[in-house]
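Novice: Position in the sequence shown counted from 1, then plus 26, gives you our numbering.
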Amino acid sequence: DILTMEGDQPQYAEALVVKEGKILYVGNKAEAIKQAGSGAQTVDLGGKTLIPGFVDGHSHLTNYADALMQADLNPPPIGTITDMAGIFKAVQDLKTRVNAKDGDLLVGFGYDADMLKEGRHPNTAELDAAFPNNPVILKHASGHMLVANTAAFRLAGVSAATKDPTGGSFIRKKGSNELDGLVQEMAMQPFMPLMSKPQPLEVEMKKLKDAQAYYASCGVTTANEHLALMEKMILLDTAAARGELYLDLITLPAFLYAKDLLGTGKIKWREYNNHLKYQGLKMATDGSPQGKTAFLSKPYLTPVPGCQHNCVGFPNLTQDQINQLMLACYKNNVQLFSHCNGDASIDMMIKGHQFAIRTLGDSTSDRRTVIIHSQIMRPDQLDQYKKYNLFPSFFTNHTYYWGDVHLANLGSERGGFISPMRSALDKGIRCTNHTDNIVTPMDQLFLLWSSVNRLSRSGVVVGEAQRISPYEGLKALTINGAYEYFEEDSKGSLKAGKRADLVILDKNPLKADGTAIKDIKVVETIKDGKTVYKK
Numbered sequence: 027d028i029l030t031m032e033g034d035q036p037q038y039a040e041a042l043v044v045k046e047g048k049i050l051y052v053g054n055k056a057e058a059i060k061q062a063g064s065g066a067q068t069v070d071l072g073g074k075t076l077i078p079g080f081v082d083g084h085s086h087l088t089n090y091a092d093a094l095m096q097a098d099l100n101p102p103p104i105g106t107i108t109d110m111a112g113i114f115k116a117v118q119d120l121k122t123r124v125n126a127k128d129g130d131l132l133v134g135f136g137y138d139a140d141m142l143k144e145g146r147h148p149n150t151a152e153l154d155a156a157f158p159n160n161p162v163i164l165k166h167a168s169g170h171m172l173v174a175n176t177a178a179f180r181l182a183g184v185s186a187a188t189k190d191p192t193g194g195s196f197i198r199k200k201g202s203n204e205l206d207g208l209v210q211e212m213a214m215q216p217f218m219p220l221m222s223k224p225q226p227l228e229v230e231m232k233k234l235k236d237a238q239a240y241y242a243s244c245g246v247t248t249a250n251e252h253l254a255l256m257e258k259m260i261l262l263d264t265a266a267a268r269g270e271l272y273l274d275l276i277t278l279p280a281f282l283y284a285k286d287l288l289g290t291g292k293i294k295w296r297e298y299n300n301h302l303k304y305q306g307l308k309m310a311t312d313g314s315p316q317g318k319t320a321f322l323s324k325p326y327l328t329p330v331p332g333c334q335h336n337c338v339g340f341p342n343l344t345q346d347q348i349n350q351l352m353l354a355c356y357k358n359n360v361q362l363f364s365h366c367n368g369d370a371s372i373d374m375m376i377k378g379h380q381f382a383i384r385t386l387g388d389s390t391s392d393r394r395t396v397i398i399h400s401q402i403m404r405p406d407q408l409d410q411y412k413k414y415n416l417f418p419s420f421f422t423n424h425t426y427y428w429g430d431v432h433l434a435n436l437g438s439e440r441g442g443f444i445s446p447m448r449s450a451l452d453k454g455i456r457c458t459n460h461t462d463n464i465v466t467p468m469d470q471l472f473l474l475w476s477s478v479n480r481l482s483r484s485g486v487v488v489g490e491a492q493r494i495s496p497y498e499g500l501k502a503l504t505i506n507g508a509y510e511y512f513e514e515d516s517k518g519s520l521k522a523g524k525r526a527d528l529v530i531l532d533k534n535p536l537k538a539d540g541t542a543i544k545d546i547k548v549v550e551t552i553k554d555g556k557t558v559y560k561k
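1. Alpha carbons only, please: which of I372, N358, Q407 is nearest the one belonging to I383?
2. When the Cα of H424 is compared with those of K377, G245, R480, A434, which residue comes out closest?
3. Whose C-beta lies closer than 7 Å to the C-beta of G169 among residues of the same chain, with five residues either side of it excluded?
4. Determine, using beta carbons only, whether G523 and I49 come nearer to each other than 8 Å.
5. Going straight from the alpha carbon of A542 to that of W475, what length do you get?
6. I'd like the ranges of any alpha helix (DSSP H) spanning at least 4 consecutive residues and lying wholly in the stretch 398 to 448.
7. Quick one: what does DSSP say Y241 is sitting in, helix, strand or coil?
8. So what's V229 in DSSP terms, helix, strand or just coil?
9. Between which residues of its own chain and L71 is the CB-CB distance below 8 Å, once the five residues before and five after are set aside?
10. Using CA atoms only, rank isn't needed, just tell me which of T247, D109, P158, D128 is closest to V597.
11. Going by C-alpha to C-alpha distance, which of K521, V330, E57, F381 sits closest to D140?
12. Helix, strand or coil: how does DSSP classify Y304 here?
13. Is DSSP giving R268 helix, strand or coil here?
14. Would DSSP call M256 helix, strand or coil?
15. Among residues of its own chain, excluding the 5 on either side of R198, which ones have a beta-carbon nearer than 7 Å to its beta-carbon?
16. Bridge partners for S195 per DSSP, in chain order?
17. I'd like to check one pair, L288 with V396: are the Cβ atoms closer than 8 Å?
18. Secondary structure at E57, three-state DSSP: helix, strand or coil?
19. Within 8 Å, do at least three Cβ pairs link the stretch 497 to 511 to the stretch 79 to 95?
20. Exposed or buried, which one is G47 when buried takes at least 16 other CB atoms within 10 Å?
21. Roughly how many angstroms lie between the CA atoms of D92 and Y240, to the nearest whole one?
22. Using a Cβ-Cβ cutoff of less than 7 Å, which residues in the same chain neighbour R404 once the five nearest sequence positions on both sides are dropped?
23. Figure out for me which residue from F179, L94, D286 has the closest Cα to the Cα of A151.
24. Does the Cβ-Cβ distance between S482 and G429 come in under 8 Å?
25. Nearest CA to the CA of L351: which residue from I376, C337, T328?
26. Can you give the beta carbon distance from A58 to V43, rounded, assuming they're within the 8 Å contact cut?
27. May I ask whether a heavy atom of the ligand GDP can be found less than 7 Å away from the beta carbon of T504?
28. Starting from A502, trace the alpha helix (DSSP H) in both directions and tell me its first and last residue.
29. Residue range of the alpha helix (DSSP H) that Q380 falls in?
30. Note the first and the last residue of the continuous beta strand (DSSP E) segment covering K45.
31. Taking S484 as the reference, give the member of H86, R525, V431 with the closest Cα.
32. Consult DSSP for C337 and reduce its assignment to one of helix, strand or coil.
33. Between S64, P341, T458, which has its C-alpha nearest R394's C-alpha?
34. I'd like the ranges of any beta strand (DSSP E) spanning at least 3 consecutive residues and lying wholly in the stretch 61 to 143.
35. Would you report the Cα separation of I546 and I494, rounded to the nearest angstrom?
36. Taking V549 as part of the beta strand (DSSP E), name the residues at either end of that continuous run.
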């Protein structure tokens with residue numbers, strides 16, 4: 027099967043011809059042979075299925091690269107960690123694996139308090155006891171909070187006297203200012219340079235090579251780094267100059283650099299340079315729904331760390347900051363991407379868009395402002411998305427990994443409306459879907475499965491009314507992904523003139539049983555006509 031992903035209904039072709047990295051012809055076999063000419067190599071799919079390469083809707087490739095030298099603290103089915111003892115052993119194993127010395131920083135990622143037997147976050151006292159000679163930072167699965175020991179707090183310049191920043195908090199021991207270990211949202215900023223400190227250049231290049239190989243093995247031909255700090259931008263620029271990138275890598279500098287990058291000419295936006303493209307600016311307006319820092323209009327239904335009443339999470343930015351960032355991006359024709367999980371933060375984004383277009387007197391430009399996650403939404407907000415051409419990139423993996431948690435924290439009405447792809451599509455809203463790797467693995471077939479089935483870990487259907495068809499789910503990962511980045515004319519479907527970014531699957535997702543989609547395997551990935559992965 028050759029599935030073109032052209033049109034609203036599935037369309038198949040008998041054959042496809044590739045020449046010099048582009049698709050020359052798609053159609054019937056006889057004409058394909060004629061178009062290919064003598065001496066062409068013929069590939070028989072042997073019952074497998076060919077589709078366009080997957081376009082990553084949202085993830086963090088350099089975070090994945092860094093994680094290759096960190097302790098994996100994920101619970102099953104991603105990892106093996108189920109209790110505090112498992113966390114401490116994994117970090118100790120990391121120290122041995124990387125031959126870390128006393129005083130060296132040790133970093134772990136992916137722990138999930140909701141999945142630990144203890145049902146809580148680790149704390150500073152426990153980490154001090156387990157690691158008296160090393161600074162230790164453990165990143166929560168959401169990426170929106172961390173836990174540190176005393177040595178790590180000291181390294182970051184944070185003490186009991188440090189005040190909570192706007193849009194973040196240091197959780198204190200009850201009845202005192204003493205740090206308990208948990209650090210949320212914008213309060214994480216002092217720790218970020220510590221965790222992303224560059225290693226020797228050849229080590230960094232090897233990590234990037236391994237990260238690309240992982241993405242390619244998942245059928246991804248266009249990958250992302252959707253929150254690049256300055257040291258990562260420098261690293262990626264170097265990698266591009268050295269020809270180390272073979273997947274297209276769409277990069278979004280962090281909003282922290284807006285004044286330095288917008289309108290200054292320092293970046294050529296939306297232009298590829300040896301597979302590296304700076305597409306737009308990344309903003310973060312709130313936090314994590316499972317971590318209960320996402321900003322809501324109505325309270326969480328379960329206890330929230332550091333909050334006693336009206337616990338609705340909090341925004342990372344003020345409305346005025348959002349207004350001015352959006353205005354600056356729109357004024358300079360720079361695409362804006364914003365992390366929004368809660369409906370109150372989505373309200374702030376809608377208001378920011380209204381402010382910017384009203385100030386500029388321009389409501390017609392095709393800006394494709396992307397609201398990443400768009401999870402805990404209200405139905406009325408989809409009408410605003412449609413009105414203003416705001417583009418959601420959903421995260422249906424949440425229905426599996428944290429669906430049970432969301433139903434407990436939010437109730438069935440709000441929890442069941444998470445990532446409302448069916449409602450969005452019914453309103454004529456184009457959308458993508460994403461893994462947010464390393465939050466969940468870069469597994470596009472599992473992601474497709476989650477959008478079609480919306481089953482939680484316990485087997486509960488999380489929002490049955492929001493299930494979509496496999497073809498709609500594939501569009502979100504291919505042609506709609508290309509559209510998200512203004513690349514629909516060159517990627518995302520099998521059409522003459524487009525780039526030969528292809529993936530071969532062992533089965534056709536449209537013909538497989540819906541519950542078996544996650545078991546489909548990537549057999550081969552082809553970038554610009556060249557094989558970059560083969561099973």
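Just so you know, even glycine gets a beta-carbon here, dropped at the ideal spot from N, CA and C.
Specialist: Taking the coordinates as given:
1. Cα-wise, what sits closest to I383 is N358.
2. With distances taken between CA atoms, H424 lies nearest to R480 out of K377, G245, R480, A434.
3. Setting aside the 5 residues that flank it on each side, G169 is surrounded in the same chain by V465, each with a C-beta closer than 7 Å to its C-beta; the list follows chain order.
4. Yes.
5. When only Cα atoms are considered, A542 and W475 end up about 8 Å apart.
6. Unbroken alpha helix (DSSP H) stretches of 4 residues or longer found wholly inside the stretch 398 to 448: 405 to 414, 423 to 427, 429 to 442, given in chain order.
7. Helix, per DSSP.
8. Three-state result, V229: helix.
9. Counting only Cβ-Cβ distances below 8 Å, and skipping sequence neighbours, we find D27, I28, I530.
10. The requested residue 597 does not occur in the structure, where the chain is confined to residues 27 to 561.
11. Nearest Cα to D140 within the set K521, V330, E57, F381: V330.
12. Y304 falls in the strand class under three-state DSSP.
13. Assigned with DSSP and collapsed to three states, R268 falls in coil, not helix or strand.
14. Shown here, M256 sits in a helix according to DSSP, grouped into three states.
15. Counting only Cβ-Cβ distances below 7 Å, and skipping sequence neighbours, we find E204, L205, D206.
16. S195 pairs with Q210.
17. No, these two residues do not count as a Cβ contact at 8 Å.
18. The answer is helix: DSSP assigns E57 an H, G or I state.
19. Because the criterion of three Cβ pairs below 8 Å is met, the stretch 79 to 95 and the stretch 497 to 511 touch.
20. Counting Cβ neighbours within 10 Å, G47 comes out exposed, since fewer than 16 surround it.
21. In a straight line, the C-alpha of D92 is about 13 Å away from that of Y240.
22. Apart from the 5 residues on each side of it in sequence, R404 sits with its Cβ closer than 7 Å to the Cβ of D369 in its chain, given in chain order.
23. That would be F179, whose Cα lies nearest to the Cα of A151.
24. Taking 8 Å as the Cβ cut-off, S482 and G429 qualify as a contacting pair.
25. The residue from I376, C337, T328 with its alpha-carbon nearest to that of L351 is I376.
26. Yes, they are in contact, since the Cβ atoms of A58 and V43 sit about 5 Å apart, within 8 Å.
27. What this structure holds is no ligand at all, so the ligand GDP is not there to describe.
28. In the DSSP annotation of this structure, the continuous segment of the alpha helix (DSSP H) that includes A502 starts and ends at 496 to 503.
29. 369 to 386 is the span of the alpha helix (DSSP H), which, as asked, contains Q380.
30. 41 to 45 is the span of the beta strand (DSSP E), which, as asked, contains K45.
31. Comparing alpha carbon positions, the residue from H86, R525, V431 closest to S484 is V431.
32. In the structure shown, C337 adopts coil according to DSSP, grouped into three states.
33. For R394, the closest alpha carbon among the candidates S64, P341, T458 is that of T458.
34. Taking only runs of at least 3 residues, the beta strand (DSSP E) segments lying wholly in the stretch 61 to 143 are 75 to 78, 132 to 137.
35. Those two C-alpha atoms are separated by around 18 Å.
36. Looking at the DSSP string, the run of the beta strand (DSSP E) that includes V549 is 548 to 553.
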